[in-house]
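Trainee:
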Amino acid sequence: MLRRRAGLRLWLSALWLAALVLAALLAPWISPRDPLTQDLFLARLPPFWVAGTEPGYLLGTDSLGRDVLSRILHGARVALLVALVAGGITCLIGATFGLLAGFLRGWVDMVISRLIDIWMAFPPVLFSILLIAVLGPSLTSIIIAIVVIDWTRFARVVRAEAMAQGAMDYVASARVAGRGRIGTMLREILPNVLPTVVVLLTLEMGIAVIVEAILSFVNLSISTDDPTWGGMISEGRTSIYQAWWVLVFPLIALFLTVLAFSQLGEGLKDRFDPVLR
Amino acid sequence: MSFLAIRNLSVRLKNGPALLRRVSLDVAPGEVRGLVGESGAGKSMIGKAVLGILPPSVQITEGEILLDGTDLLSLPAKESRRRIGASCALIPQDPLTALNPSHRIGPQITDRLVDILGWTRAAADARARDLLTEVQIADPARVLRSYPHELSGGMRQRILIASAFAAEPKLIVADEPTTALDVTVQKQILRLIAGMQARHGTALLFVTHDLGVVSKVCQQLSVLYSGLVVEDSTVADFFASPRHPYSAALLAATPKYTDPDAGLHPVPDAVIDAVRAEVAAFDRTLAKGVKTHG
Amino acid sequence: MQILRLTILRLLTTLVTLAGVAVIVFFVIRVVPGNPIAMMLPPGATEADIARLSALYGLDQPLVTQFGIWLGGVVQGDFGTSITTRQPVLDLVLGRLPATLELSIMALVMAVIIGGAAALIGTRGRGTRTEGAVDVANGMALSVPDFLWGLVLMLVLGVLFPVFHISGRVTPSLDLPFVTNFYLFESLVRLRFDLWADLVAHMFMPALALAIPLAAVIGQLLKQSLKETMNLDYVTLARTKGYGETHVILREALRNAVLPTLTLVGVQFTFLIGGTVIIERLFSYEGLGNMAIDAVINRDLPLIQGIVILFAVIFTAVNLIVDLAYAVLNPRLRHA
Amino acid sequence: MNLNRRSLLKLSAATMAAGTIGLPTFAQAIDELVIAYNVNLPSWDPTVGPSAVNPTIQGLYQSVFDQYILQQPDLTPAPGLLTEWGWSDDKKQVWMTVREGVTWHDGSPFTAEDVAWNLARVANPETGSPIQFVWGTLANHRVEGNKVIADVAQFDPTIFKWMYFLTGYVLPKVYYEKVGAEGFEAAPIGTGPYMVEKFERNAFVRLKANANYWGGKPDFDTVTIKFVPDAAARVAEVESGNSHVTLEMPYEEYDRLKGGPLAGVAAPISDIGMIFLNDIEAMTDPNVRKAAAHAIDKQAIIDRLLSGYGVKIDTLQTPEYDAYDASITVPYDEAKAIELLAASGYGPDNPVKFKIQTTKGFKPKDYEMVQAIVGLWRKVGIEAEIEVYEIAKHYELRAADQLAPAAFYNWGNSVGDPTTSTGFAMFGPSPHSVWDGDDLIGMIGPLWGEADEAKRIEGWKAVDKYIAENALVIPLLQYVQPILHAPGVVVTPHASGALLPHLMKRA
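Set out below in structure tokens:
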């Protein structure tokens, strides 16, 4: 029973994410309207089932008269881009440092561990606000901020995992068989650490999407008028009583996406057990 | 009249295969019954069913477990748990994992006496010291203050045995109590259990895959294959002339203590095939029976 | 002995960490566009005014010199003077620290209670619909950023059903007999439960908003390790002794299951404290975070430095405490 | 929805009545006025440091301190601590008559010595006054009876206007010298309508009415001002009855709550939204500038985006200002914009490209307005890329003359003088201006020291006309400040945007 439910969750999450990827890729073609086109005279149209709407605006319009559905679809591009790129780079950097520290030990470990300690001592929200103030608000800045702040997540876990794996007999035998240190690391340790990394990566992608929303909340997200879910939520929150749909629909999209990423991660974790326990 | 009577007990994995197939057996007061079979035959499952500790993935589909005449399965969970706690105990398989690493030994023996049975702390402590002496542990006071990781495996198994006898239960389930131990320690522990059982007059359900052990400790014995009891007899009868071909083969496969070099005779494939056919036939009649009932 | 050595070692590495933080924050905030002098230029100011004010605040010196001066002060316990408030930075941040600490600890307590309850309920009902419901609730709690929880709470418990106070830490009209800034703690010590109730009524919503994500993390992790522990032999053995399921979970399984959760909760707790920056702002709570945002907006460089370093001190202290707690709770480490 | 919510509110209030928390309700008479204020107060010294020039906290200062000259709600000056003032005929000296019978909050008398000391203090570069360049034009301050005389080192026609503008506050000489700067921060006193009773940083300030106030004792004996920087929290504060008055919330929220359980006032204030144009890149082309100006439908933006709360302006003067000239207009004209762009070879298919910078969330709908403007521009053939910056970065870029070709900003000018609007915003050498054209510098230059007031104002009007005709800046609108309050209070808005508790009365 339980296993089946876990499986179901995994599939539902994967399904939503797949749909999202499609939506993001096809956004220019499937969006009913241009997400940037404004019409101040068609502002705050309600979604299609509420009286007083105009045909063609399925989920209504925002306070500038832009189509909410089209903006959500285009927003999926930013969300996924942030998730994939920020998650990917974070993972790459963090896992590399973690692997090096955990397997090579010695002074490499000492330097990297100290670096991790220093990084973990920064208040993350404040630090990202400062970072984005330095870089100026843009998609690249958000990605950089996420990478700079979250690489330690990967580094810590992967370091511990690599250390544990390094103590195993098969690693010793690979060394006895004459494989070099880096070779052993890549051929023996890496594959065994990979499941952990994949799960962390999935979770990190969800975190990246949330971070974009948080930075939008403090008005530090992407600065062009390109639609982002976080930006839509923070715009929509000023008019929840007048136009709840501007807030609610992107919020649902954000919520489901983050949930899907985390459930996917949890599901994978169960699959990869006991490595992750 | 038997203290424990199991009647037609069937257990299966939820949405999965059957694990016990209409098992029936009796344990009289003070009697020792061995449960023998290969791994996966369901022998441990019987012990767990009696003690009410079946894993959540498993469900009982039919049957009765009569403890002192009362069907545990028909009682509310709380009541059956109380009855089991009051009159039964378990000697677990792996002494290394069966003691809680974060509590000292003393409370692990005495807490239930105080919490469940209402002893005074002093009486329980005295009892624990006596028991440890009885299981031949030197310096019981020190051991009672220790944490499990400070003690050896044999020590811990002695403690677990002492703990099982602490409340003078009527029935103890010993779930392969020596499997996880050193061969040298195994014999001592076995002797200890047998001695304690005799002194305290406790009924014992002894789960093991080792017929040699059975011959030393038990009076009665059930042989299981795939959850089916293929033979139920006294130990004397069994060793003299096993009735079922499978149990005969099993007996033949057991190394003799008298002649360890005589070589092993693995259970022949023909016997395995026959017993499998028997299980299948049993399932068929069972299915029919269900159909006519339903 | 082991614990003592661990503590000393950790304190030493902490110094290295803090030094690293100090260097990084000093230079990062000087790269941030916008400077405190530009913030105070009124219409009509001239280049000469800019130069004059820069010199007044020592911002005309080379960066390295500025750093040297600042570090020299820090070593003597002088973190400089805040530009906007014209108060010593150390007094300012230490004055706000108790408020943030109390809020964080309140949130932690809430998270432990909610998360712990969720884990226990989920473990008791493992394999049933109950566990599924707990999982779904956990997932949902983690999928919404905490400021949104804050907004929802504010609307529901602040406006719709006005049960709690929306902003501030304490009702301004109350006379506070406190000598420290640990109001919540001191109100208990002084047995002033009226004040305590007022403080809690102010703190409840921001603390809950902070607690929700951590509660979900605790719920998830603890449930996971409880479930694993519940299959261990000693737990099974305890069941045969006649104990009820709840007793078995609490007394036999919990302590061992808590250990793996603990380290992660430590890290998560530092995230929670970091989250106070936004939540305090939302609920106008007079802590470090609220002050931090003003400091960043106004480019109050000495104040930003002080706040970041204080956060770093808190974070490393939390990690140290977690490590010590781990050692204390785990008998194997204690006696080895 | 609303009806529902109200009944729920009542229901819950009834069930909560037994609670110990004691939340206020609307029904209660107001003993103690609670105001939810939109910014934190960093420092109590209104004459030095960044807080002194922060327009959003002047209302707090004006509750505790008096300015040299009183500014009335319509921005006109009136006798304050100074009852009369003026220049000597040769403009070599200024003289000020000091009000008699005024006392400081500690009971000690206020004298001409205090005024002279204050003027000398802010003129001294050492004290760190950001407005030293104004106060430094007076020298050699001296007291003669109840008069203060000072020499004019450099003639500034606006000097008396600064006496009711930023840093124009009078602090107690004797007390300040006794307690020092830190002691003053801890326990500030002034001559103002309210006395500071308790100040909790980042939390609140409790004020007590000054019974001896020379302008009459204020209506509310006790006023608590809570600092609530988040707009949603401020709305929740007044909606739940925790606070009685608040300001600066989304206009949608203002409309929703006004006329429901709460009352509200929304009046124009001396704060405008504008787009700076930097004379670089595309902005050196007059056709592009003019097209950009004509393509913006200011009224539609005000009506649709700001729910009608805003006053369209075409110069940097609002109707309340001295140099306002209604005859200068830059109408919305899409066709003309297209025509102008076509003359320079641009069109929707070949748009002119430049960057526009804006703050986000600093002023109501700032970012949305710029998005709307960019949308309007897109229609005529201007492709502007939006860059969001923080206000701190804006100041730095503007001071360094490095703003993007277009940059949205808001300009406050609560004295209403053209020097403090057009003057500083458009005069090339000023660090606040990014327009460096020599012709404009030539026009503005002589006006700084113009002694004839009528000629001076006419001169500025001519400058504004020249600016409008050549689209050297794009003025957008005058902001309207929304204030929500409980029905038990009457709030008089001040056109400077300062929310003043002593102007609030019981209904």
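Those protein sequence lines, which keep their order, are chains S, V, B and F. Residue 202 in the numbering used here sits at position 204 of the first sequence, and the numbers go up by one each step. Residue 33 in the numbering used here sits at position 32 of the second sequence, and the numbers go up by one each step. Residue 261 in the numbering used here sits at position 201 of the third sequence, and the numbers go up by one each step. Residue 123 in the numbering used here sits at position 25 of the fourth sequence, and the numbers go up by one each step. Virtual Cβ for every residue (Gly too), placed ideally from N, Cα, C. Note that this is a predicted model, so its numbers are computed, not measured.
1) On the DSSP bridge assignment, give the partners of residue 373 (chain F) in chain order.
2) Mind checking whether residue 265 (chain F) and residue 287 (chain F) have CB atoms under 7 Å apart?
3) Using a Cβ-Cβ cut-off of less than 9 Å, list which residues of the region 329 to 340 of chain B approach chain S; keep chain order.
4) Is the CB-CB distance between residue 276 (chain S) and residue 82 (chain S) below 7 Å?
5) Would residue 222 (chain B) count as contacting chain F if we go by Cβ distances under 7 Å?
6) DSSP three-state label for residue 21 (chain V), please.
7) Does the beta-carbon distance from residue 315 (chain B) to residue 103 (chain V) come in below 7 Å?
8) Taking residue 483 (chain F) as the query, report the chain B residues whose CB atoms sit under 7 Å from its CB, ordered along the chain.
9) Does any CB atom of chain F fall closer than 7 Å to the CB of residue 82 (chain S)?
10) For chain S, find out if any of its Cβ atoms is closer than 7 Å to the Cβ of residue 91 (chain B); answer yes or no.
11) Run through chain B and tell me which residues come within less than 7 Å of residue 260 (chain S), C-beta to C-beta.
12) At a CB-CB cut-off below 8 Å, which residues of chain F make contact with residue 228 (chain S)?
13) For residue 347 (chain F) and residue 501 (chain F), which I take to be in contact (beta-carbon distance under 8 Å), what is that distance rounded to the nearest angstrom?
14) Listed in chain order, which residues of the region 32 to 47 of chain S have Cβ atoms closer than 8 Å to some Cβ of chain F?
15) Using 7 Å as the limit for Cβ to Cβ distance, is residue 122 (chain F) near chain B?
16) Would you mind giving the Cβ-Cβ distance between residue 450 (chain F) and residue 480 (chain F), rounded to the nearest angstrom? I have them listed as a contact below 8 Å.
17) Taking the alpha carbon of residue 271 (chain V) as the point to measure from, which residue in V:284, V:200, V:249 and V:283 has its own alpha carbon closest?
18) Taking any Cβ of chain S, which residues in the region 474 to 503 of chain F have a Cβ under 9 Å from it, in chain order?
19) Report the residues of the region 172 to 187 of chain B with a CB closer than 8 Å to any CB of chain V, ordered along the chain.
20) Against residue 343 (chain B), what residues of chain S qualify as contacts under a CB-to-CB distance less than 8 Å, listed in chain order?
21) For residue 158 (chain S) versus residue 191 (chain S), is the C-beta distance shorter than 7 Å?
22) Check whether the region 118 to 126 of chain V touches the region 190 to 205 of chain V, taking contact to mean three or more Cβ pairs, one atom from each stretch, closer than 8 Å.
23) Could you name the residues of chain F that residue 143 (chain B) contacts, counting a contact when the two beta carbons are closer than 8 Å?
24) Tell me the DSSP bridge mates of residue 204 (chain V)?
25) When burial is assigned at 16 or more other CB atoms within 10 Å of the CB, is residue -1 (chain S) buried or exposed?
26) Listing by chain order, which chain S residues have their CB less than 9 Å from the CB of residue 376 (chain B)?
27) Reducing DSSP to helix, strand and coil, say where residue 540 (chain F) ends up.
28) Taking 8 Å as the threshold, find out whether the region 52 to 68 of chain S comes into contact with the region 241 to 254 of chain S through three or more Cβ pairs.
29) State the CB to CB distance for the pair residue 375 (chain F) and residue 574 (chain F), rounded to an integer number of angstroms; the pair is presumed to be in contact (CB under 8 Å).
30) Since residue 246 (chain B) and residue 529 (chain F) are thought to touch, with beta carbons under 8 Å apart, how far apart are those beta carbons, to the nearest angstrom?
31) Using beta carbons (cut-off 7 Å, strictly below), is residue 178 (chain V) in contact with chain B?
32) Could you check if residue 233 (chain S) is buried or exposed, using at least 16 other CB atoms within 10 Å of its CB as the buried criterion?
33) Would you say residue 385 (chain B) reaches chain V, if we count a Cβ-Cβ gap shorter than 7 Å as a contact?
34) Closest to residue 227 (chain F) by CA distance: which of F:151, F:447 and F:283 is it?
35) Please work out which residues of its chain come closer than 8 Å, Cβ to Cβ, to residue 10 (chain V), disregarding the five sequence neighbours upstream and downstream, and give them in chain order.
36) What would DSSP say about residue 356 (chain B), mapped onto helix, strand or coil?
Mentor: Concretely, from the data shown:
1) Residue 373 (chain F) has F:506 and F:572 as its beta-bridge partners, per DSSP.
2) Contact flag unset, no.
3) Result list: 330, 331, 333, 334, 335, 336, 337 and 338.
4) Residue 276 (chain S) cannot be examined here, being either before or after the span of chain S that is shown, -1 to 275.
5) Taking Cβ atoms only, chain F reaches closer than 7 Å to residue 222 (chain B), which makes this a yes.
6) It is a strand residue.
7) Using a Cβ distance threshold of 7 Å, residue 315 (chain B) and residue 103 (chain V) count as a contacting pair.
8) In chain order: nothing, as chain B lies at least about 18 Å away.
9) Any Cβ of chain F closer than 7 Å to the Cβ of residue 82 (chain S) would place that residue at the interface, and such an atom is absent.
10) Taking a beta-carbon distance threshold of 7 Å, residue 91 (chain B) counts as an interface residue toward chain S.
11) Correct list: 199, 202 and 203.
12) Neighbourhood of residue 228 (chain S) in chain F, by CB distance below 8 Å: empty, with the nearest CB roughly 12 Å away.
13) The C-beta distance from residue 347 (chain F) to residue 501 (chain F) rounds to 29 Å, too long to fall under 8 Å, and the pair is not in contact.
14) Taken in chain order, the members of the region 32 to 47 of chain S whose beta-carbon sits within less than 8 Å of a beta-carbon on chain F are 34, 35, 36, 38, 39 and 41.
15) Per-residue confidence for residue 122 (chain F) stands at a pLDDT of 49, beneath the threshold of 50, marking its modelled position as unreliable; the derived number appears in the next sentence. Not flagged as an interface residue toward chain B: residue 122 (chain F), since no C-beta distance is shorter than 7 Å.
16) Yes, residue 450 (chain F) and residue 480 (chain F) are in contact; Cβ-Cβ is about 6 Å, under 8 Å.
17) The option with the nearest alpha carbon to residue 271 (chain V) is V:249.
18) Under the 9 Å Cβ criterion, the region 474 to 503 of chain F contributes 474, 476, 483, 484, 485, 486, 487, 488, 490 and 491.
19) Hits within the stretch, in order: 186 and 187.
20) One finds nothing in chain S with a Cβ atom closer than 8 Å to the Cβ of residue 343 (chain B); even the nearest lies about 14 Å away.
21) Not a contact, by the Cβ cut-off of 7 Å.
22) Touching, no, given that fewer than three Cβ pairs across the two stretches are closer than 8 Å.
23) Identification of chain F residues near residue 143 (chain B) by a Cβ-Cβ cut-off of 8 Å yields 147 and 148, ordered along the chain.
24) In the DSSP output, where bridge partners are listed per residue, residue 204 (chain V) has V:172.
25) Here the model assigns residue -1 (chain S) a pLDDT of 38, short of 50, so the residue's position is not dependable and the matter cannot be decided.
26) For residue 376 (chain B), the C-beta contacts it makes with chain S under 9 Å involve 115, 118 and 119, in order along the chain.
27) The answer is helix: DSSP assigns residue 540 (chain F) an H, G or I state.
28) Yes, the region 52 to 68 of chain S touches the region 241 to 254 of chain S.
29) Actually they are not in contact, since the Cβ atoms of residue 375 (chain F) and residue 574 (chain F) sit about 12 Å apart, beyond 8 Å.
30) At roughly 49 Å, the Cβ-Cβ gap does not stay under 8 Å, so residue 246 (chain B) and residue 529 (chain F) are not in contact.
31) No, residue 178 (chain V) lies away from the interface with chain B (no Cβ there is under 7 Å from its Cβ).
32) That one is buried.
33) Residue 385 (chain B) does not count as touching chain V.
34) Nearest C-alpha to residue 227 (chain F): F:151.
35) Non-local beta-carbon contacts of residue 10 (chain V) in its own chain, meaning distances under 8 Å to residues more than five positions away in sequence, involve 21, 23, 24, 25, 47, 50, 61, 63, 64, 65 and 66 in chain order.
36) Reduced to three states, the DSSP call for residue 356 (chain B) is helix.
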